[in-house]
Amino acid sequence: MASCTQLLQGILDANETYAAAFAQADPALLKKLAAGQSPRIFWLGCSDSRVSAELATGVAPGSIFVHRNIAQCFHKGDLSASAALAYAVHVLKVEAIIVCGHTGCGGVRAGMQAAVDSSDKAAKGEEEPAPEPGSVADTISKWIAPIKSLASSQLPACSAASRSPLDTLSLAELTDQHVRDTVQAVSESDIVRAAWDEGRELSVHGWVYHVATAKLRDLDCGYKGVGVRAESLSRPATYADSEPRDD
Ligand SMILES: [Zn+2]
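Mapping of the sequence shown onto this note's numbering: residues 121 to 367, in sequence order.
This is how it looks when you write it as C-alpha cells:
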C-alpha cells in the first residue's frame, strides 16, 4: 500500500490531470464558475466516503450546494447545517432540497446498536453508563441520539417479525424513516417556511443512495409547500426493488 505522503502526492498529480482535461473540455464552464455559482439544488447528505453528490448524479461542478454530516442529520440548533441551508435557500435561491441517506450507513447502524444496547440493559434492569463528557463516545452518542430514539421505536416491529434489528432490512427501514423524518424537519424549519411564505417555488425530497448499485431511490416523501406534497419522481418503490438479486 502507498504511504500517506504518496497518496497525497498522487492526489495532487491527479488534480493536474483533471485541471488540464477540464480546461480543454469546457473552458467556458471554468470561466463561468470563476465568476460565481448559481446551483439550483441543495444536498444534505452523509459524510460517508462512498456517497458523493456530484458523482452519484453526474452533474457538473456548480450544480449542487452541499452540506454533509454523519447520517445527514438536521438537528435543531445545528448552526452549520442551518447556515448552509439558509444560504442555499435565501441567497443562492435553490429550487430543490434533497435529503440523501444511503445503505450501509455507519451512523444509522450506530443509532440502532445504541437502541439495542439500551433495550438489553433495560431488560436486565441495568443502568446505562453515561459516556465521559467531551469524550469521543459522548460526542458521537449525542450526535446519533435522534437516530437512536427512532431506532428504539422500531425495535418492537423487528421483534414481532422475529428479525434482528441489525440485519440489512431493519437498517434499510431505519435509514428510510430517518430520511423521511429529516425531510419533515427541513420542511418545518423557519428557513424553508419563510421561502414558502414568500411564494417561492422550493421542493424538499428524500432519497436513498444504494452503495451496492450506485443507484438513487426517491422515497416519495417530499413537500413543495406547507402540507403540500411534492410530485412523485420515477423511482424503484422499495428497498427490495433496488437491490441486486441473486436469483
Ligand atoms: Zn452514512
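Beta carbons are placed, not taken as given, at the ideal position from N, Cα and C, and that holds for glycine.
On the three-state DSSP scale, how would you describe Gly245?
Taking the first residue of the sequence shown as 1, we reach residue 245 at position 125. Reduced to three states, the DSSP call for Gly245 is coil.
By the three-class DSSP mapping on this structure, what secondary structure does Gly227 have?
Translated into the one-based positions of the sequence shown, residue 227 becomes position 107. If DSSP states are grouped into helix, strand and coil, Gly227 belongs with the helices.
Tell me whether the beta-carbon of Asp259 lies closer than 8 angstroms to the beta-carbon of Val331.
Here residue 259 refers to the residue found at position 139 when the sequence shown is read from its first residue. Here residue 331 refers to the residue found at position 211 when the sequence shown is read from its first residue. The question names Asp, but residue 259 is Thr in the sequence shown. Cβ distance not < 8 angstroms, so Thr259 and Val331 don't count as in contact.
Which residues have a Cβ closer than 6 angstroms to any heavy atom of ligand 1, listed in chain order?
Those residues are Cys166, Asp168, Ala191, His222, Cys225, Gly226, Gly227, given in chain order.
Would you mind reading off the limits of the beta strand (DSSP E) that contains Phe142?
Counted from its first residue, the sequence shown places residue 142 at position 22. Segment 124–145 is the alpha helix (DSSP H) holding Phe142; no beta strand (DSSP E) there.
Beta-carbon separation of Phe194 and Val306 under 8 angstroms?
As a first step, residue 194 must be located in the sequence shown, where it is residue number 74. As a first step, residue 306 must be located in the sequence shown, where it is residue number 186. It is a contact, given that the beta carbons lie within the stated cut-off.
Give the list of continuous beta strand (DSSP E) stretches no shorter than 3 residues that lie fully inside the segment 285–349.
Taking only runs of at least 3 residues, the beta strand (DSSP E) segments lying wholly in the segment 285–349 are 323–330, 335–338, 343–345.
For Asp340, collect the residues of the same chain with a Cβ closer than 6 angstroms to its Cβ; drop the 5 residues on either side in sequence, then sort them by chain order.
Within the sequence shown, the letter at position 220 stands for residue 340. Contacts found: Ser352.
Which residue's Cα is closest to the Cα of Thr177: Ala145, Phe162, Ala242?
For the purposes of this step, residue 177 is taken as the residue at position 57 of the sequence shown. Per the Cα distances, Phe162.
Output needed for Ser239: all residues of its chain with C-beta closer than 8 angstroms, excluding positions within five of it in sequence on either side, in chain order.
By one-based count along the sequence shown, residue 239 stands at place 119. Closer than 8 angstroms at the Cβ level, and outside the excluded window around Ser239, lie Ser272, Leu275.
Can you tell me which of the three DSSP states Lys211 falls into?
For the purposes of this step, residue 211 is identified with residue 91 of the sequence shown, where counting begins at 1. Looking at the sequence provided, one finds Val at residue 211 rather than Lys. Helix at Val211.
Give the DSSP-derived three-state secondary structure of Val186 in the structure shown.
Residue mapping note: residue 186 aligns to position 66 of the sequence shown, counting from 1. Reduced to three states, the DSSP call for Val186 is strand.
In whole angstroms, what is the alpha-carbon distance linking Lys151 and Leu212?
For the purposes of this step, residue 151 is taken as residue 31 along the sequence shown, with counting starting at 1. For the purposes of this step, residue 212 is taken as residue 92 along the sequence shown, with counting starting at 1. Between Lys151 and Leu212, the C-alpha separation is close to 19 angstroms.
Who pairs with Val219 in a beta bridge, going by DSSP?
Within the sequence shown, the letter at position 99 stands for residue 219. Its beta-bridge partners are Leu164, Gly326.
Nearest to Ile311 by CA position, among Glu248, Pro266, Asp338, Leu199, is which residue?
Within the sequence shown, the letter at position 191 stands for residue 311. Closest by alpha carbon: Leu199.
For my contact list, Val303 and Val219 are in at a C-beta cut-off of 8 angstroms; report their separation, rounded to the angstrom.
Residue 303 sits at position 183 when you count from the first residue of the sequence shown. Residue 219 sits at position 99 when you count from the first residue of the sequence shown. Going by Cβ atoms, the distance from Val303 to Val219 rounds to 5 angstroms, so yes, they are a contact pair.
Count the other C-beta atoms from every protein chain shown that fall within 10 angstroms of the C-beta of Thr333, then say buried if there are 16 or more, exposed otherwise.
Here residue 333 is taken as the residue at index 213 of the sequence shown, counted from 1. Exposed, because fewer than 16 other Cβ atoms sit within 10 Å of the Cβ of Thr333.
Which same chain residues end up closer than 6 angstroms to Ala315 when comparing Cβ atoms and leaving out the 5 residues on each side of it in sequence?
The sequence position of residue 315 within the sequence shown is 195, counting from 1. Closer than 6 angstroms at Cβ, skipping near neighbours: Val209, Leu322.
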